[in-house]
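Read through the structure below, which is laid out as structure tokens, and then see the notes.
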Amino acid sequence: MTRKRKTVEELRSQRWYAPQDLRSFGHRSRTLQMGYSHADYAGKPVIAIVNTWSDVSHCHSHFRQRVEEVKRGVWQAGGFPLEMPAITLAETLQKPTTMMYRNFLAMETEELLRSYPADGCVLMGGCDKTGPGLMMGAISMNLPTIFMPAGPMLTGRWAGRPLGSGSDVWKYWDELRAGNITERDWREIEEGIARSPGTCMTMGTASTMTSIIETLGFSLPNAAAIPAPDSSHARMASLSGRRIVEMVWEDLKPRDILSADSFDNAIKVLMALGGSTNALIHVIALARRAGIDLVLDRFEEIGEKTPYLVNMRPAGQYLMEDFYYAGGLVGLLEGMRALLATDALTCTGRTLGENIAGARIHNEDVIRTPSNPMRPDGGLVVLRGNLAPDGAVIKANAAEPRLLRHAGPAMVFEDYNDMAARLDDPDLPVDADSVLVLRNAGPLGGPGMPEWGMLPIPKKLLRQGVRDMVRISDARMSGTSYGTCVLHVAPESWVGGPLALVKTGDIIELDVDARTLTLKIDDAELERRRAAWKPNPPRYERGYGALFSQHVSQADRGCDFDFLEGTATTPDPEIH
Ligand code: FES
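Throughout the sequence shown, residue numbering follows the working numbering, covering 1007 to 1582 in sequence.
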């Protein structure tokens, strides 16, 4: 489709640079102060490069180099690149959890773009919450946007075996606690599991979300699959810089690209990837920023009909390098073309179907076709019942099949510290049939809904050979985690959701086929407990924590701030 091209006069940045008045004199002279000449910027699209690099951004340590490659592309295409750093959300180092700051990054992105003379932007992210945070802000600002994913790190190695981010940490941690590997083994694993720049190389939240963002139309074809250190990644960075300049002239904006169909495509890809449960929260938040009222039931409807196709850890066998060599995201999308709305528009100016045309699958054990799936449905299941009236989520394809229909006595932990203190007590009244319950780990209770949902197996059960149990919480779980973990219980226990009312010894029934999660007590007893429940005091009196506490929504609504949802117009600043 040919779009009407913008004129120089129509560029947003011209409001800062073009007028012959006192203020614009200041804008021009201060740009010259940075060493640029008039020829560098005059009449050119200003491209904001929102970079989440910092010294603590472990997954983005190559972004100092990549940003130069993005700038090269912008210059080559006749744009004026301006790098604008934004908050780092370094998944493992930031406490209480990066999820607490996803909306912070979204606000920062939106306001950077609004308050400076940006005509379009390149978003540099990838580590879990950075993709959704950057995209949420850019969707709200609605300037031409391209997302440059950090790319996965190289495959980890230990003792001749591949190591997968997260997944193998949990696995070998259990083996260490069970006495099956040594402290020396554990140290070698620590040194071998993250051996290059880039994001987790399992199908965790990072690769799930970068694949979803590409499917939604915001990255160049196959960008999400390229390993971070690969020279193709550097070329993708400069091509992203080139393309954004054209997107500005074409006035191709996020809300021209996003539609109910593109979100359906994203959910289908999530299911085909066997992707992270975190995506349910992030995709809902992205949709609501675009004015699309996506609800959990849509994941359920699509999940029932979409096969799980990508054989990757934590649910399968392979890692992101294998996925890339097997054909990557474009190979997967071409293989499942019949399931997709291929006329959805993308950042290339072409449709999704045009972008993936001719892509091939080179290894059908890594990327399966719909005729030979890993399983016939997506494996991300939405549960409801008296324990989760507003929904809960389980990654059924990462659970032991025998536990997908299970009833057992609850062992309740009041919060994370209570769990950590008692879990390995030899007298803890648990056996392999027990259902571990963790409360006060949701958006407000955590706070920030930390990734505590894969509760550790009690040591005494590990020694008996138990490696999976039913676990229930209002927390999230790392996309690299696995096990029979019921997550995102809504409403959360901190605000009086039914999880707050469970007592140790109550029978809880999980039935994944029936999509139910049931506390087996009668309604009258549940009401008695509810009447006796006492509200929690606010966790924060001031600062960002107070803002977060007052405005964050529950998991089924995407955990966005209520005042940031929707498409109401925020005025551009007056240029005084
Ligand atoms: Fe950054 Fe996993 S820690 S993507």
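For each residue, glycine too, the CB sits at the ideal point set by N, CA and C. Since the structure is predicted, the reported quantities are computational estimates derived from the model, not experimental observations.
Are the CB atoms of Gly1126 and Pro1150 nearer to each other than 7 Å? In the sequence shown, the residue the question calls residue 1126 occupies position 120. In the sequence shown, the residue the question calls residue 1150 occupies position 144. Yes.
Closest residue to Ser1479 among Gly1397, Ala1092, Gly1079, Leu1017 (Cα-Cα distance): Start at 1 with the first residue of the sequence shown, and residue 1479 comes out as number 473. Minimum Cα distance to Ser1479 is reached at Gly1397.
Beta-ladder partner(s) of Thr1205, from DSSP: Counting from one through the sequence shown, the residue named residue 1205 turns up at place 199. For Thr1205, DSSP records a beta bridge to Pro1158.
Rounded straight-line distance, which links the Cα of Trp1539 to that of Gly1000: Examination of residue 1000 is not possible in this model, given that the chain is present from 1007 through 1582 alone.
Quick check on this structure: which residue in Gly1322, Arg1390, Arg1469, Ala1574 has the alpha carbon closest to the alpha carbon of Thr1522? Working through the sequence shown from its first residue, we reach residue 1522 at position 516. The option with the nearest alpha carbon to Thr1522 is Arg1390.
Burial state of Met1277, where buried means 16 or more other Cβ atoms lie within 10 Å: Position 271 of the sequence shown, counted from the start, is the residue given in the question as residue 1277. Label assigned to Met1277: buried.
Give a single yes or no on whether Ala1212 has its beta carbon closer than 6 Å to a heavy atom of the ligand FES. As a working mapping, residue 1212 is identified with position 206 in the sequence shown. Short note on Ala1212: C-beta closer than 6 Å to some heavy atom of the ligand FES.
Report, in whole angstroms, the separation of the C-beta atoms of Val971 and Val1492, which I expect to be a contact under 8 Å. What the structure shows of the chain is the stretch from 1007 to 1582, and residue 971 is not part of that stretch, so it cannot be assessed.
Got a sec: does the ligand FES put a non-hydrogen atom nearer than 6 Å to the Cβ of Thr1205? As a first step, residue 1205 is located in the sequence shown; it is residue number 199 there, counting from the start. Within 6 Å of the C-beta of Thr1205 there is at least one heavy atom belonging to the ligand FES.
Can you grab the Cα-Cα spacing for the pair Gly1032 / Val1076, in whole Å? Within the sequence shown, the letter at position 26 stands for residue 1032. Within the sequence shown, the letter at position 70 stands for residue 1076. Their backbone Cα atoms lie some 27 Å apart in a straight line.
Alpha carbon to alpha carbon, how far is Ala1363 from Gly1223? Give it in angstroms, no decimals. The residue labelled residue 1223 in the question sits at position 217 within the sequence shown. The residue labelled residue 1363 in the question sits at position 357 within the sequence shown. Cα-Cα distance, rounded: 15 Å.
How about Cys1353: is its Cβ closer than 6 Å to a heavy atom in the ligand FES? For the purposes of this step, residue 1353 is taken as the residue at position 347 of the sequence shown. Cys1353 Cβ: outside cutoff for every heavy atom of the ligand FES.
Near the ligand FES: Glu1097 beta-carbon under 6 Å from a heavy atom: For the purposes of this step, residue 1097 is taken as residue 91 along the sequence shown, with counting starting at 1. The ligand FES approaches Glu1097 closely enough that one of its heavy atoms is under 6 Å from the residue's Cβ.
Under the criterion of a Cβ to heavy atom distance below 6 Å, does Cys1127 qualify as lining the ligand FES? Stepping through the sequence shown from its first residue, residue 1127 is reached at position 121. Short note on Cys1127: C-beta not closer than 6 Å to any heavy atom of the ligand FES.
I need the boundaries of the alpha helix (DSSP H) containing His1033, first residue and last residue. For this step, residue 1033 is matched to residue 27 along the sequence shown. Annotation for His1033: the continuous alpha helix (DSSP H) segment containing it runs 1028–1039.
Which whole-angstrom value describes the C-beta separation of Arg1294 and Asp1566, a residue pair presumed to lie in contact below a C-beta threshold of 8 Å? Taking the first residue of the sequence shown as 1, we reach residue 1294 at position 288. Taking the first residue of the sequence shown as 1, we reach residue 1566 at position 560. Contact flag correct, Cβ pair sits at about 6 Å.
Going by DSSP, what residues sit across from Pro1087 in a beta bridge? The sequence position of residue 1087 within the sequence shown is 81, counting from 1. According to DSSP, Pro1087 bridges with Ile1053.
Selected residue, minimal CA-CA separation from Pro1379, among Leu1461, Tyr1422, Leu1279: Within the sequence shown, residue 1379 is the residue found at index 373, counting from 1. The shortest C-alpha to C-alpha distance from Pro1379 to any of Leu1461, Tyr1422, Leu1279 is the one to Leu1279.
The alpha helix (DSSP H) spanning Thr1216 covers which residue range? Mapped onto the sequence shown, residue 1216 falls at position 210. First-last of the alpha helix (DSSP H) with Thr1216: 1211–1222.
In whole angstroms, what is the alpha-carbon distance linking Lys1401 and Met1113? Here residue 1401 corresponds to residue number 395 of the sequence shown, with the count starting at 1. Here residue 1113 corresponds to residue number 107 of the sequence shown, with the count starting at 1. Rounded to the nearest angstrom, the two C-alpha atoms are 30 Å apart.
Report the rounded CA-to-CA distance for Arg1163 versus Glu1256, giving the unit in angstroms. One-based indexing of the sequence shown puts residue 1163 at position 157. One-based indexing of the sequence shown puts residue 1256 at position 250. Distance between the alpha carbons of Arg1163 and Glu1256: 46 Å.
Are Gly1247 and Gly1079 closer than 7 Å when you measure CB to CB? Your numbering for residue 1247 matches position 241 in the sequence shown. Your numbering for residue 1079 matches position 73 in the sequence shown. Between Gly1247 and Gly1079, the gap from beta carbon to beta carbon is short of 7 Å.
So, Ile1373 versus Gly1337, is the Cβ gap smaller than 7 Å? Numbered from 1 along the sequence shown, position 367 holds the residue referred to as residue 1373. Numbered from 1 along the sequence shown, position 331 holds the residue referred to as residue 1337. In contact: Ile1373 and Gly1337 (Cβ atoms closer than 7 Å).
Beta-carbon contacts of Arg1366 that lie in its chain and below 8 Å, excluding the five residues immediately before and after: In the sequence shown, counting from the first residue as 1, residue 1366 sits at position 360. Around Arg1366: Gly1333, Gly1337, Glu1340.
Of the residues Ser1173, Asp1439, Tyr1330, which one's Cα is nearest the Cα of Pro1235? For the purposes of this step, residue 1235 is identified with residue 229 of the sequence shown, where counting begins at 1. Check the Cα spacing between Pro1235 and each of Ser1173, Asp1439, Tyr1330: the tightest is with Tyr1330.
What do you reckon, are the CB atoms on Pro1260 and Asn1148 nearer than 7 Å? As a position in the sequence shown, residue 1260 is number 254, starting the count at 1. As a position in the sequence shown, residue 1148 is number 142, starting the count at 1. The Cβ-Cβ distance between Pro1260 and Asn1148 falls below 7 Å.
What ranges does the alpha helix (DSSP H) occupy inside the stretch 1256–1292, keeping only unbroken runs of at least 4 residues that lie completely in it? Runs found: 1260–1263, 1266–1279.
Note down, one range per segment and in chain order, each beta strand (DSSP E) of at least 3 residues found wholly within the stretch 1147–1191. List check, beta strand (DSSP E) in window: 1151–1155, 1162–1164, 1167–1169.
Between the CA atoms of Arg1445 and Ser1060 - distance to the nearest angstrom: Within the sequence shown, residue 1060 is the residue found at index 54, counting from 1. Within the sequence shown, residue 1445 is the residue found at index 439, counting from 1. Near 34 Å, if we compare the C-alpha coordinates of Arg1445 and Ser1060.
Helix or strand or just coil, what does DSSP make of Ala1481? Numbered from its first residue, the sequence shown carries residue 1481 at position 475. DSSP places Ala1481 in coil when its eight states are reduced to three.
Residues in the same chain with beta-carbon distance under 6 Å from Phe1153, minus the five sequence neighbours each way, listed in chain order, please. Looking up residue 1153 in the sequence shown gives position 147. So the qualifying residues of the chain are Leu1129, Ile1219, Phe1224, Ser1225.
For the 8 Å Cβ check, are there 3 or more pairs between the stretch 1186–1196 and the stretch 1260–1274? The answer is no - the stretch 1260–1274 does not touch the stretch 1186–1196, with fewer than three Cβ pairs under 8 Å.
DSSP beta-bridge partners of Lys1401: In the sequence shown, counting from the first residue as 1, residue 1401 sits at position 395. DSSP lists Leu1386 as partners of Lys1401.
Taking one C-beta from the stretch 1053–1068 and one from the stretch 1018–1033 each time, how about it: are there three or more such pairs within less than 8 Å? Look at the beta carbons and you see the stretch 1053–1068 not touching the stretch 1018–1033: under three pairs across the two are nearer than 8 Å.
Does the ligand FES have a heavy atom nearer than 6 Å to the CB of Cys1065? Indexing the sequence shown from 1 puts residue 1065 at position 59. Checking the Cβ of Cys1065 against the ligand FES gives yes.
So does Asp1174 have its beta carbon nearer than 6 Å to some heavy atom of the ligand FES? Within the sequence shown, the letter at position 168 stands for residue 1174. Between the ligand FES and Asp1174, a heavy atom-to-CB distance of less than 6 Å is absent.
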